[in-house]
Amino acid sequence: MTKVTLGSTGITVNKNGFGALPIQRISVEDAGKLLRKAYDNGINFFDTARSYTDSELKIGEALSDVRENIIIATKTPSKTVEGFWNDLDTSLRLLKTDYIDIYQFHNPGFCPKPGDGTGLYEAMLEAKAQGKIRHIGITNHLLNVAKEAVESGLYETLQFPFSYLAGEQDKELVELCKEKNMGFICMKALAGGLITHSDAAYAYLAQFDNVVPIWGVQRENELDEFISYNDNPPSLSEDMKAFIEKEKTELSGDFCRGCGYCMPCPKGIQINQAARMSQMIRRAPSAGWLSEYWQIEMARTEECINCGACTKKCPYHLNTPALLKKNYEDYKTFLG
């Protein structure tokens with residue numbers, strides 16, 4: 012069983028982390044069975060968020076009796092100090108615990124720092140002093156914010172998208188974390204569902220000894236795949252490398268990370284959501300994305316004038332207008 016230490020936290024966990032976003036889509040009973048099976052088979056790192064509806068509740072129900080044997084990471088999206096404390100207290104209550112191992116700012120558009128006027132980082136420090144959290148982390152989709160967080164020395168972990176579809180700038184970020192002794196938690200290791208061969212995804216990430224992937228799991232057969240890698244990890248053979256290169260050629264153009272560099276759109280299209288709607292609607296509860304609000308927002312994609320502004324600003328060189336069209340066509344199939 013491969014273990015990874017999350018930088019200066021000293022936390023050592025199974026290379027397979029459990030990403031709890033998808034368990035929003037299943038019942039408390041089914042989620043409990045998955046979570047317990049994961050734990051019984053050596054998975055000891057569980058990542059969730061205040062924004063993931065009832066995910067925290069499900070973890071609390073399933074694993075509170077083994078709390079001392081697991082590592083829990085959760086997140087706050089709040090931009091105010093009051094909201095920060097409300098989120099933290101709610102998470103503690105739902106998770107049935109009196110401390111969070113890693114508490115993370117959830118994808119902020121800036122890097123919270125002491126004295127920046129928001130009071131958010133100071134709240135983190137106070138929560139740590141009170142014993143409610145043990146380590147301070149941040150998650151992000153913006154490369155510049157992520158780099159700033161790593162360079163600041165203020166954070167103990169970074170959660171960032173990383174997979175074999177990643178670019179060189181993403182690999183450099185992983186290496187920077189290693190250099191700074193900062194834990195790297197890998198989200199979107201399956202590229203939001205674009206990667207369907209988990210063995211290839213695992214083998215690729217196994218090269219990076221400081222990376223803990225959190226696999227989004229909502230079905231038992233998915234969990235069984237990752238459990239099998241505990242004792243029989245896939246190897247990065249020459250055949251596997253060739254397969255990954257083929258996948259990169261075929262899929263890289265379709266992977267929108269939702270980073271927001273493309274915004275704003277002159278036609279008011281929410282590009283950073285609309286260009287990855289197919290991923291979102293399949294991985295999170297679909298009802299929210301099929302609401303009247305999002306039907307209107309997705310229909311805006313038909314107003315795209317192909318001005319090219321978003322394509323020029325995309326750090327991943329995606330054909331964004333084509334992605335908007337493709338995602339809207341897919342979206343309409345869910346509407347019936």
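Residue numbers (my numbering): 12 to 347. Just so you know, even glycine gets a beta-carbon here, dropped at the ideal spot from N, CA and C.
Which residue's Cα is closest to the Cα of residue i: the options?
| i | options | result |
| --- | --- | --- |
| residue 264 | 332, 221, 80, 245 | 332 |
| residue 120 | 38, 132, 211, 271 | 271 |
| residue 22 | 296, 280, 194, 103 | 194 |
| residue 241 | 142, 49, 174 | 49 |
| residue 52 | 280, 313, 235 | 235 |
| residue 210 | 198, 191, 175 | 175 |
| residue 199 | 111, 101, 282, 222 | 222 |
| residue 266 | 291, 275, 251, 249 | 291 |
| residue 64 | 81, 106, 28 | 106 |
| residue 218 | 182, 296, 38 | 182 |
| residue 20 | 326, 192, 232, 344 | 192 |
Note down the Cα distance separating residue i from residue j, rounded to an integer number of angstroms.
| i | j | result |
| --- | --- | --- |
| residue 25 | residue 237 | 11 Å |
| residue 188 | residue 258 | 26 Å |
| residue 185 | residue 36 | 31 Å |
| residue 179 | residue 104 | 41 Å |
| residue 15 | residue 310 | 44 Å |
| residue 78 | residue 347 | 44 Å |
| residue 40 | residue 334 | 37 Å |
| residue 6 | residue 30 | Residue 6 is absent from the model: the chain starts at 12 and stops at 347. |
| residue 114 | residue 147 | 5 Å |
| residue 59 | residue 44 | 17 Å |
| residue 220 | residue 277 | 43 Å |
| residue 307 | residue 273 | 20 Å |
| residue 190 | residue 164 | 12 Å |
| residue 139 | residue 73 | 25 Å |
| residue 57 | residue 126 | 31 Å |
| residue 111 | residue 144 | 5 Å |
| residue 250 | residue 142 | 49 Å |
| residue 227 | residue 34 | 8 Å |
| residue 108 | residue 71 | 8 Å |
| residue 215 | residue 196 | 15 Å |
| residue 293 | residue 69 | 20 Å |
| residue 83 | residue 62 | 15 Å |
| residue 208 | residue 343 | 27 Å |
Would you give the residue range spanned by the beta strand (DSSP E) that residue i belongs to?
| i | result |
| --- | --- |
| residue 129 | Segment: none, residue 129 is in no beta strand (DSSP E) and carries neither H nor E. |
| residue 348 | Outside the shown range of the chain, which is 12 to 347, sits residue 348, and nothing can be said about it. |
| residue 145 | 144-150 |
| residue 51 | It is not in any beta strand (DSSP E) - residue 51 instead sits in the alpha helix (DSSP H) that spans 39-51. |
| residue 115 | 111-117 |
| residue 84 | 82-87 |
| residue 402 | For residue 402 there is no data in the structure shown, the boundaries of the chain being 12 and 347. |
| residue 28 | 28-30 |
Going by the beta-carbon positions, is the gap between residue i and residue j smaller than 9 Å?
| i | j | result |
| --- | --- | --- |
| residue 32 | residue 75 | no |
| residue 152 | residue 268 | yes |
| residue 212 | residue 172 | no |
| residue 301 | residue 262 | no |
| residue 18 | residue 167 | yes |
| residue 149 | residue 122 | yes |
| residue 169 | residue 326 | no |
How far does the alpha helix (DSSP H) with residue i in it reach, from first residue to last?
| i | result |
| --- | --- |
| residue 299 | 297-300 |
| residue 95 | 92-106 |
| residue 241 | 231-242 |
| residue 181 | 179-190 |
| residue 210 | 209-216 |
| residue 225 | Run containing residue 225: none in the alpha helix (DSSP H); it sits in the beta strand (DSSP E), 222-227. |
State whether the stretch 308-324 contacts the stretch 241-252, with contact taken as three or more CB pairs (one from each stretch) at a distance under 8 Å. no
Check whether the stretch 88-101 and the stretch 128-147 touch, using three or more Cβ-Cβ pairs below 8 Å as the test. yes
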